[in-house]
Amino acid sequence: MAQRIPEQVINEIRDSLDIVDVVSDYVSLKKQGKHYSGLCPFHNEKTPSFTVSSDKQLYHCFGCGAGGNAITFVMEKDNLPFVEAVEKLAGKANIALPEQPGTAYQKEEDASPLWEAYELAARYYHHLLMNTEQGKEAYDYLLNRGVTVEQMETFRLGYAPNQPRMLKELLEKREFDIEEMVDGGLLFRRESSWDIYDRFRHRIMFPIHNAKGKVKAFGGRSLGEQEPKYLNSPETSIFLKHESLYGIHLARGPIRKKNQAVLFEGYADVIAASGAGVTNGIAALGTALSERQVQWIRRNTDQVLLCYDGDEAGQKAAWKAGALFEKEKVNVQVALLPDKVDPDDYIRKHGSEKFKKDILNSSVSITSFKMKYLRKNKNLNNEGDKLAYVETVIKEIVKLPGAVEQDIYLRQLAEEFSLSLDALNEEKERLARTRQEPVRPPSSYMEEPPPPPVQETSSYRKNQLLPAYMNAEKQLLAHMLQNKNTAFRVQEVLGGEFNFDAHMAVAAHLYAFYADGNEPDPGEFLSYLEDGELRNIVSEISLLDIQADLSENEMSDYVYQIKRYPERVLVKEKERKIKEAEHRKDYETALKLAMELLELRKSSGL
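For what it's worth, full-length UniProt numbering labels the leading residue of the sequence shown as 1, then goes sequentially.
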């Protein structure tokens, strides 16, 4: 598109995306406090100096100075002009751009009739469960399973009636295209008769939402003898199973706040755990965990607690899931449940507090879990079984990245089996030399060689010790970016009297930005700026940790530091000239300069 994209469309795109998700397509990010960090994609570095803020929707590299918002990131990383970068992000946000200036636009997800149909079906099923005689059996079943009415409401549980065409008739009344509803998985055609029926019948319905809370599929649990016991919607244009996680619309915030995701195997486990106060619980959809699901979790936290069923299948699944998370550098803990017990059963039998205390809070590291799992079906009193076990465990220990961590588990083996620690270390070194790791294919964004280092265009670097006036200007601009009234107050008392030219330019642009009626929004202000160096400076300033309110005393102090700096420069200059005159033995000039210096200090209070 060559024409200008309407400002409201650009704002819609920015509001629909989280910069963490955008940057994570290119950079492996790790949660650190309020922000995320990783290796800068714009210059070569071994220690992460690249910071992304989800709260402020900004990125900044404290190594090379690069910074901006989601749009500028895509522009710089993919070498795209502004319009093409916006188009790319519009596709990621499922927002259709207008073909001509002034034409209406709409989100693709809102444009698809499937979203509306699934929302209608969710409301219909939920109404039947909560308010009708038809849904009483399902309602009573859930209550007997320990599901509260509040949980039924929160997770929007429903009931699909034991009748073949009730949903079909409702969809027809609302004038949905029935063939589209067949393709979309709400209805199905029986090949033997070519009749069209409701896909879900006599089942408890679990709506599956996307991260924004829109229903895109269902899981249905049979209430009778019909098979399968659990039936999921088929994959459609709006639903891909390997990219979906149950409960993410509710758990995304708590996951980020707690910096941990609790991963369960099933819907019922997530719901039961929510009653125990586990609000950061999610589940895969009845299939093995996929890399895409792991990557979504990793973008939101670097800590995962696996709480899988205690049977053999559940423990195997935990092993495989743990391996996927380890590849993504996610810290993995495993909750150990009794054999053949799932989290839902445990909570109903023992209660919430015991579940949190004895299961979740007693979790073990993934390595300890593997050691426990490898002991199964082995007679460790048998010399052959014991040697095989020890060697297998050492092979797992070799994979650990830290020497201290390796030492801890080797010592455990040594103590348990009365073995020499030196001998175990020798075996570890032998296995490390012979170990052949499969080469992991690089991610698409790492296939190109790293870009050359970005040249520094100013001395504006966080890791330098800055003079008082420079820090004062940065702090003041940080408050101005967050508060329009503060900016207007600064404009009255200081105007453009910033000493650093770039700060003077940022302040001027910010005054104009607010004068145009804009509200404080660092991300939007970055789009307002055309100069790349100014964007870098604003991104760094926006990440400063400041108090919400700027007191009059603080402001006066910052203004004092800024206004006095030119006078300090004059004082230093006078002092330098006096020394030069004295060195030349030009005492008359030195005396004259000394008098000027005295007057300057009296008038300025320096």
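All residues carry an ideal CB built from backbone N, CA and C; glycine is no exception.
{"Asked": "Ignoring anything shorter than 3 residues, give me the beta strand (DSSP E) runs that lie fully in the segment 159-204, in order along the chain.", "Found": "187-189, 196-198"}
{"Asked": "Excluding the 5 residues flanking residue 165 on each side, which residues of the same chain have their C-beta closer than 7 Å to its C-beta?", "Found": "197, 198"}
{"Asked": "Please list the terminal residues of the continuous beta strand (DSSP E) segment that includes residue 51.", "Found": "50-53"}
{"Asked": "DSSP three-state call for residue 288: helix, strand or coil?", "Found": "coil"}
{"Asked": "Can you name, in chain order, every residue of its own chain whose Cβ lies under 8 Å from the Cβ of residue 510, other than the five neighbours on each side?", "Found": "477, 480, 481, 487, 525"}
{"Asked": "If you draw a straight line from the C-alpha of residue 150 to the C-alpha of residue 179, how long is it?", "Found": "36 Å"}
{"Asked": "Taking Cβ to Cβ, would you say residue 177 is nearer than 8 Å to residue 113?", "Found": "yes"}
{"Asked": "Buried or exposed: where does residue 370 fall if 16 or more other Cβ atoms within 10 Å of its Cβ makes it buried?", "Found": "buried"}
{"Asked": "To test your reading of the DSSP string, which unbroken alpha helix (DSSP H) runs of 4 or more residues are found completely within the UniProt domain \"Toprim\" (259-340)?", "Found": "267-275, 291-300, 312-327"}
{"Asked": "My output table needs one value for residue 35: the three-state DSSP class, helix, strand or coil.", "Found": "strand"}
{"Asked": "Helix, strand or coil for residue 392 per DSSP?", "Found": "helix"}
{"Asked": "Return the chain-ordered list of same chain residues with a C-beta closer than 7 Å to the C-beta of residue 235, the five sequence neighbours on each side being excluded.", "Found": "241"}
{"Asked": "Give me, in chain order, the residues of the same chain whose beta-carbon lies closer than 7 Å to that of residue 267; leave out the 5 immediate sequence neighbours on both sides.", "Found": "206, 219, 246, 283"}
{"Asked": "Secondary structure at residue 400, three-state DSSP: helix, strand or coil?", "Found": "coil"}
{"Asked": "Only counting the same chain, and skipping five residues up and downstream in sequence, which positions put a Cβ closer than 7 Å to that of residue 138?", "Found": "129, 159, 204, 223"}
{"Asked": "Hey, residue 27 and residue 41: beta-carbon distance below 8 Å or not?", "Found": "yes"}
{"Asked": "Look up residue 438 in the DSSP assignment and say whether it is helix, strand or coil.", "Found": "Because the pLDDT at residue 438 is just 41, under 50, the model does not fix this residue reliably, and the point stays unresolved."}
{"Asked": "Take the Cβ of residue 22 as the centre, count every other Cβ of all protein chains shown within 10 Å, and call the residue buried at 16 or more, exposed below.", "Found": "buried"}
{"Asked": "Please work out which residues of its chain come closer than 6 Å, Cβ to Cβ, to residue 202, disregarding the five sequence neighbours upstream and downstream, and give them in chain order.", "Found": "162, 223, 224"}
{"Asked": "Among the residues of its own chain, which have a CB less than 6 Å from the CB of residue 146, if the five just before and after it don't count?", "Found": "348"}
{"Asked": "Out of 549, 238, 413, 331, point me to the one whose CA is closest to residue 259's CA.", "Found": "331"}
{"Asked": "What three-state label does DSSP hand residue 523 in the structure shown?", "Found": "helix"}
{"Asked": "Can you tell me which residues form a DSSP beta bridge with residue 206?", "Found": "219"}
{"Asked": "Look at the Cβ atom of residue 306, then the Cβ atom of residue 288, and state whether they are nearer than 8 Å.", "Found": "no"}
{"Asked": "Does the beta-carbon distance from residue 367 to residue 308 come in below 8 Å?", "Found": "no"}
{"Asked": "Name, in chain order, the residues that DSSP records as bridge partners for residue 364.", "Found": "334"}
{"Asked": "Please report the distance separating the alpha-carbon of residue 473 from that of residue 262.", "Found": "44 Å"}
{"Asked": "Mind checking which residues open and close the alpha helix (DSSP H) that includes residue 479?", "Found": "468-482"}
{"Asked": "Rounded to whole angstroms, what is the Cα-Cα separation between residue 276 and residue 209?", "Found": "22 Å"}
{"Asked": "Mind checking residue 194: buried by the 16 CB within 10 Å criterion, or exposed?", "Found": "exposed"}
{"Asked": "Cα separation between residue 550 and residue 484?", "Found": "12 Å"}
{"Asked": "In three-state terms, what does DSSP make of residue 380?", "Found": "coil"}
{"Asked": "How many angstroms separate the CA atom of residue 556 from the CA atom of residue 563?", "Found": "10 Å"}
{"Asked": "Using alpha carbons as the reference points, say which of 174, 475, 580, 88 lies closest to residue 543.", "Found": "475"}
{"Asked": "Given this structure, state the Cα-to-Cα distance separating residue 411 from residue 365, to the nearest angstrom.", "Found": "16 Å"}
{"Asked": "Using a Cβ-Cβ cutoff of less than 7 Å, which residues in the same chain neighbour residue 45 once the five nearest sequence positions on both sides are dropped?", "Found": "39, 63"}
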